[in-house]
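Everything below concerns the one structure shown next.
Protein chains: 2
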Amino acid sequence: MAATNTHTFQAPKGTRDFYPPDMAVRRHLESVWREVSINHGFEEVDGPTFEHLDLYTVKSGPGIVSELFSFRRAGGDTDYALRPEFTPTLARMVAASAHALPKPIKWFCIPNFFRAERPQRGRLREFFQWNADIVGDDSPAADAEVIALTIGILEGLDLTPNDVRVKISHRGGIARVLLRYGFQGDRLLDAFDLLDSLDKTSLDEFKAKALTLGLSDVQWNDFREWLGLAARANQPVLTMPGAPPEISRFHPQTFDLLELEPLHGELESRGISHWCDYKPSLARGLAYYTGTVFEVHETSGKERAIAGGGRYDNLVELFGGPSTPAVGIAMGDVVIRLMLEERGLLEPAEAYLPRPDLFVIDVTEDQALSAKLIADLRRENLHVRHSYRATKNVGKLLGEAGKTRARLAVILGKELERGVVGLKNLESGEQEEVQLDALLETVRATLHTMKK
Amino acid sequence: MAATNTHTFQAPKGTRDFYPPDMAVRRHLESVWREVSINHGFEEVDGPTFEHLDLYTVKSGPGIVSELFSFRRAGGDTDYALRPEFTPTLARMVAASAHALPKPIKWFCIPNFFRAERPQRGRLREFFQWNADIVGDDSPAADAEVIALTIGILEGLDLTPNDVRVKISHRGGIARVLLRYGFQGDRLLDAFDLLDSLDKTSLDEFKAKALTLGLSDVQWNDFREWLGLAARANQPVLTMPGAPPEISRFHPQTFDLLELEPLHGELESRGISHWCDYKPSLARGLAYYTGTVFEVHETSGKERAIAGGGRYDNLVELFGGPSTPAVGIAMGDVVIRLMLEERGLLEPAEAYLPRPDLFVIDVTEDQALSAKLIADLRRENLHVRHSYRATKNVGKLLGEAGKTRARLAVILGKELERGVVGLKNLESGEQEEVQLDALLETVRATLHTMKK
Numbered sequence: 001m002a003a004t005n006t007h008t009f010q011a012p013k014g015t016r017d018f019y020p021p022d023m024a025v026r027r028h029l030e031s032v033w034r035e036v037s038i039n040h041g042f043e044e045v046d047g048p049t050f051e052h053l054d055l056y057t058v059k060s061g062p063g064i065v066s067e068l069f070s071f072r073r074a075g076g077d078t079d080y081a082l083r084p085e086f087t088p089t090l091a092r093m094v095a096a097s098a099h100a101l102p103k104p105i106k107w108f109c110i111p112n113f114f115r116a117e118r119p120q121r122g123r124l125r126e127f128f129q130w131n132a133d134i135v136g137d138d139s140p141a142a143d144a145e146v147i148a149l150t151i152g153i154l155e156g157l158d159l160t161p162n163d164v165r166v167k168i169s170h171r172g173g174i175a176r177v178l179l180r181y182g183f184q185g186d187r188l189l190d191a192f193d194l195l196d197s198l199d200k201t202s203l204d205e206f207k208a209k210a211l212t213l214g215l216s217d218v219q220w221n222d223f224r225e226w227l228g229l230a231a232r233a234n235q236p237v238l239t240m241p242g243a244p245p246e247i248s249r250f251h252p253q254t255f256d257l258l259e260l261e262p263l264h265g266e267l268e269s270r271g272i273s274h275w276c277d278y279k280p281s282l283a284r285g286l287a288y289y290t291g292t293v294f295e296v297h298e299t300s301g302k303e304r305a306i307a308g309g310g311r312y313d314n315l316v317e318l319f320g321g322p323s324t325p326a327v328g329i330a331m332g333d334v335v336i337r338l339m340l341e342e343r344g345l346l347e348p349a350e351a352y353l354p355r356p357d358l359f360v361i362d363v364t365e366d367q368a369l370s371a372k373l374i375a376d377l378r379r380e381n382l383h384v385r386h387s388y389r390a391t392k393n394v395g396k397l398l399g400e401a402g403k404t405r406a407r408l409a410v411i412l413g414k415e416l417e418r419g420v421v422g423l424k425n426l427e428s429g430e431q432e433e434v435q436l437d438a439l440l441e442t443v444r445a446t447l448h449t450m451k452k
Numbered sequence: 001m002a003a004t005n006t007h008t009f010q011a012p013k014g015t016r017d018f019y020p021p022d023m024a025v026r027r028h029l030e031s032v033w034r035e036v037s038i039n040h041g042f043e044e045v046d047g048p049t050f051e052h053l054d055l056y057t058v059k060s061g062p063g064i065v066s067e068l069f070s071f072r073r074a075g076g077d078t079d080y081a082l083r084p085e086f087t088p089t090l091a092r093m094v095a096a097s098a099h100a101l102p103k104p105i106k107w108f109c110i111p112n113f114f115r116a117e118r119p120q121r122g123r124l125r126e127f128f129q130w131n132a133d134i135v136g137d138d139s140p141a142a143d144a145e146v147i148a149l150t151i152g153i154l155e156g157l158d159l160t161p162n163d164v165r166v167k168i169s170h171r172g173g174i175a176r177v178l179l180r181y182g183f184q185g186d187r188l189l190d191a192f193d194l195l196d197s198l199d200k201t202s203l204d205e206f207k208a209k210a211l212t213l214g215l216s217d218v219q220w221n222d223f224r225e226w227l228g229l230a231a232r233a234n235q236p237v238l239t240m241p242g243a244p245p246e247i248s249r250f251h252p253q254t255f256d257l258l259e260l261e262p263l264h265g266e267l268e269s270r271g272i273s274h275w276c277d278y279k280p281s282l283a284r285g286l287a288y289y290t291g292t293v294f295e296v297h298e299t300s301g302k303e304r305a306i307a308g309g310g311r312y313d314n315l316v317e318l319f320g321g322p323s324t325p326a327v328g329i330a331m332g333d334v335v336i337r338l339m340l341e342e343r344g345l346l347e348p349a350e351a352y353l354p355r356p357d358l359f360v361i362d363v364t365e366d367q368a369l370s371a372k373l374i375a376d377l378r379r380e381n382l383h384v385r386h387s388y389r390a391t392k393n394v395g396k397l398l399g400e401a402g403k404t405r406a407r408l409a410v411i412l413g414k415e416l417e418r419g420v421v422g423l424k425n426l427e428s429g430e431q432e433e434v435q436l437d438a439l440l441e442t443v444r445a446t447l448h449t450m451k452k
């Protein structure tokens, strides 16, 4: 014991202890993620918490690799890493069973992920993240389905298009813009990374990097003007070819997102285009995106992206599977929770704790019956609590029952001599006498009316 | 890519990929764990997936420490380890908030754990494990509550006392037996470890170790006789003082489990003593147990323990909190699943996949309505699927609907001209025509009757 530091007694930096109220909020978020994903026809999967290290070094941009927690087994020679994201695992799992799985594959998962970066607001070393992917369908309808699912989740969390926007862009359109302004064709991935860093970089630094990627000073001035227009993230930037001129804020030739026209139609037919903006400066940093990319942002622009994803048509093949198109999205638990709290869209954490059906109060002398009664009621799938205090004051015990938010209280007192117990509805305050052998039935019937 | 080994494309040894049917079985198990725990008044918690390494080196026996996956952040100087069990995290969390938390604390959790040992049947490097603990109550009633919860879960998984037995012992009673036969008082923890290894060790090896712990050859012979009696794990060993002689198979002076008499009364009052046997050779290996210990075993004795736990009254204090009694149990997902499968107590995995409420079949020419209809129905919290195939053959599409186990099919055909769609009950085969604007209401009413 002498050698123990006090840090032993704290959660590691950037990780969290989930006491019951916090855990209940996490489960609430997870249940919205899960329920909406299932309603949209997605099936849940999971993979290992750690993978072979080279699953990540093979395909991710440097943005991921420097942030890994990696390790070996004592005496072993295999390098592992805690998963920083799900897409490589998904691509590996699809590649391994590609021929056996009917297409399209629609999968979601809600695992934890790990990044060895400095913890800061909205970024932790361990976090939970919902992922949803459609694999084996290269149509804009699949892109729209992933976006529709995401919007379903935002709605399930009581958010509206006034709170959050889905920003959409396309790697093909961005590539044409970048080439037009003078970026080198063989440095496009770096140019995507640079564009992705726009909000986190000073203009001087941004310019210096742009010049190393092929731009002349003259080209930089033109590109800077484009950036100024394209980066107005808080305005709807409807620049579809064919969009009515009065809502086209910028000239379509400037914002070349031709590829998104069919997606726009799909979003309209699902009744969700009013959640979406087209933002041509959105590139997203990861190397593996090949087409449509999207992010969900708060309208205030204050927090980091709430969710992000896109199309990655080459990844399954990279992991040894057949050529397979894919599109997916991910939403972490940290930023969305900060945002819901700030907007007052979460109840106090205690409100998410499971409510007891029954609180059993036993003020008889020997309390011989209650242990058996409680055991029997729990065996009937009822959530039953009781006091651990010695008091036989019914008022105090009813107060304790109220604090647990129990729906009903069963009171075992001297009426037991007549084979009768008290049943109190803790919402209405009504109390009745019930024959002990009719208790279960009465409890069920009362709960049925209360839960409606 | 050139440097990539094929192992990159497989899950690491001892870990699992959960494709949808496997994931559905895991969720089934987790939902039984969760629901029964909540019904028994336990609240869910979680901690970090990795902890400071010395959280484990401080208190666990050598059985744990040699099995850790440990690591540092690149460039960091702090040692971390993937959690091999929950108890140290729980003790740390309780110690940190001991004064703020009302007693008794009743917590459960369902995290994943990691052991860097050789994978084998029933033992993996990553597994899921349910834990439940009562902290701040030193009564036999708390021991009984943890055992009652465990039995509630076994019942929830359709197991009976003919399938599994709860084996119960007590460190105090075992200590007296060991001292009586000649084990050294300062080597008792090693003697517990040795006793715990009984089923995995040859008798010669066992004897050799026993002699190093203080036994003479004569004492060994006596002790060996005791072992032979005590180890009959498949027989009820009711040795309580006061137990009727006809069910006391062994002489009470031989099996000194005096401390368990009050627990036996608590189990009887809850109506669960017929699930339980007293097994005096059960010591359990971990160093931190201080009183009652228990394990759940298959009656055949074939598999490893299904669950195990006990009382650990010193651990919270060891982590800097006030002196706090505690008792807990844990059940992993691997052994219980093997056992349920072997006994035919699991449905085919597909049966645990969520059933769609509706399968939408659109055989109209332009399919203009169905994208919107599907989006609207999902927004109403219905689980809605549709085909991705080009066919307009209603029979084939109904076949596809059947494979998803959907409850209802909505058929959009030429009746749409009259504002009407077909609604087919896929369980009864009945089909009716429904006005499009009454569809949602009719679907809800029909599902309500079907789900009962």
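Each protein sequence line maps, in turn, to chains C and E. In terms of my numbering, the first sequence opens at residue 1 and continues consecutively. In terms of my numbering, the second sequence opens at residue 1 and continues consecutively. All C-beta atoms, glycine included, are put in the ideal place defined by N, C-alpha and C. Note that this is a predicted model, so its numbers are computed, not measured.
{"Asked": "Among Val-394(C), Ala-191(C), Gly-321(C) and Lys-13(C), which has the Cα closest to the Cα of Arg-72(E)?", "Found": "Lys-13(C)"}
{"Asked": "With 16 as the cutoff for other CB atoms within 10 Å, does Arg-355(E) come out buried or exposed?", "Found": "exposed"}
{"Asked": "Could you compute how far the alpha carbon of Leu-258(E) sits from the alpha carbon of Ser-169(E)?", "Found": "10 angstroms"}
{"Asked": "I need the DSSP call for Lys-167(C), collapsed to helix, strand or coil.", "Found": "strand"}
{"Asked": "Please name the residue or residues paired with Ala-210(C) in a DSSP beta bridge.", "Found": "In the DSSP output, where bridge partners are listed per residue, Ala-210(C) has none listed."}
{"Asked": "Rounded to whole angstroms, what's the CA-CA distance from Ala-24(C) to Phe-127(C)? Just pull it up for me.", "Found": "16 angstroms"}
{"Asked": "Answer with buried or exposed for Gln-431(E), where buried requires no fewer than 16 other C-beta atoms within 10 angstroms of its C-beta.", "Found": "exposed"}
{"Asked": "Drop a sphere of 10 angstroms on the beta-carbon of Ser-273(E), count the other beta-carbons inside from all chains shown, and report buried for 16 or more, exposed for fewer.", "Found": "buried"}
{"Asked": "Spatial neighbours of Arg-385(E) within its chain, please: CB distance less than 8 angstroms, with the 5 preceding and 5 following residues excluded, ordered by chain position.", "Found": "Pro-356, Leu-358, Phe-359, Val-360, Ala-401, Thr-404 and Ala-406"}
{"Asked": "Under 8 angstroms between the Cβ atoms of Phe-42(C) and Lys-106(C)?", "Found": "yes"}
{"Asked": "Consult DSSP for Ile-134(E) and reduce its assignment to one of helix, strand or coil.", "Found": "strand"}
{"Asked": "Using CA coordinates, which residue listed in Leu-198(E), Ala-175(E) and Thr-15(E) is at the minimum distance from Thr-49(C)?", "Found": "Thr-15(E)"}
{"Asked": "Please work out which residues of its chain come closer than 6 angstroms, Cβ to Cβ, to Leu-178(E), disregarding the five sequence neighbours upstream and downstream, and give them in chain order.", "Found": "Ala-191"}
{"Asked": "Compare the C-beta of Gly-152(C) with all C-beta atoms of chain E and state if any pair is closer than 8 angstroms.", "Found": "yes"}
{"Asked": "Please list, in chain order, the residues of the segment 182-194 of chain C that have any C-beta partner in chain E closer than 8 angstroms.", "Found": "none"}
{"Asked": "Candidates Leu-90(E), Leu-260(E), Val-293(E) and Cys-109(E): which alpha carbon is nearest Ala-11(C)'s?", "Found": "Leu-90(E)"}
{"Asked": "Taking its Cβ as the centre, do 16 or more other Cβ atoms sit within 10 Å of Glu-51(E), making it buried, or is it exposed?", "Found": "buried"}
{"Asked": "On the criterion of 16 or more Cβ atoms from any shown chain inside 10 Å, does Pro-322(E) qualify as buried, or is it exposed?", "Found": "exposed"}
{"Asked": "What residues from the segment 343-370 of chain E come within 8 angstroms of chain C, judged by C-beta to C-beta, listed N to C?", "Found": "Leu-353, Pro-354, Pro-356 and Ala-368"}
{"Asked": "Can you round the beta-carbon distance between Val-453(C) and Leu-423(C) to whole angstroms, since I take them to be within the 8 angstroms contact cut?", "Found": "No information on residue 453(C) is available, as it lies outside the stretch 1 to 452 that chain C covers here."}
{"Asked": "With 16 other CB atoms within 10 Å as the buried threshold, where does Asn-381(C) fall?", "Found": "exposed"}
{"Asked": "What residues match up with Met-457(E) in a beta bridge as DSSP calls it?", "Found": "With chain E covering only 1 through 452, there is no way to say anything about residue 457(E)."}
{"Asked": "Identify whether Tyr-19(C) lies in helix, strand or coil by the three-state DSSP scheme.", "Found": "coil"}
{"Asked": "Alpha helix (DSSP H) containing Val-58(C): first to last residue?", "Found": "It is not in any alpha helix (DSSP H) - Val-58(C) carries neither H nor E in the DSSP assignment."}
{"Asked": "Can you tell which of Leu-188(E), Glu-295(E) and Ala-371(E) has its C-alpha closest to the C-alpha of Lys-167(E)?", "Found": "Glu-295(E)"}
{"Asked": "For Glu-266(C) and Ser-428(C), what's the separation of their Cα atoms in angstroms?", "Found": "49 angstroms"}
{"Asked": "Of the residues Tyr-56(C), His-40(C), Arg-27(C) and Ser-37(C), which one's Cα is nearest the Cα of Glu-44(E)?", "Found": "Arg-27(C)"}
{"Asked": "In whole angstroms, what separates the C-alpha of Glu-415(C) from that of Leu-439(C)?", "Found": "14 angstroms"}
{"Asked": "Going by the CB atoms, is the gap between Val-146(C) and Val-443(C) shorter than 8 angstroms?", "Found": "no"}
{"Asked": "Less than 8 angstroms between the CB atoms is what I'm expecting for Leu-412(C) and Asp-362(C), so what's the real figure, rounded?", "Found": "4 angstroms"}
{"Asked": "DSSP three-state call for Tyr-352(C): helix, strand or coil?", "Found": "helix"}
{"Asked": "In chain order, which beta strand (DSSP E) runs of at least 3 residues are fully inside the segment 254-297 of chain E?", "Found": "276-278"}
{"Asked": "Could you check whether Leu-215(C) and Gly-182(C) sit closer than 8 angstroms to each other, using their CB atoms as the reference points?", "Found": "yes"}
{"Asked": "Would Thr-212(C) be called buried (16 or more neighbouring beta carbons within 10 Å of its own) or exposed?", "Found": "exposed"}
{"Asked": "Given that Met-23(E) touches chain C, what residues does it touch there, using C-beta distances under 7 angstroms?", "Found": "Glu-44, Val-45 and Asp-46"}
{"Asked": "Suppose contacts are defined by Cβ-Cβ distances below 8 angstroms. Is Gly-136(E) in contact with His-40(E) by that definition?", "Found": "no"}
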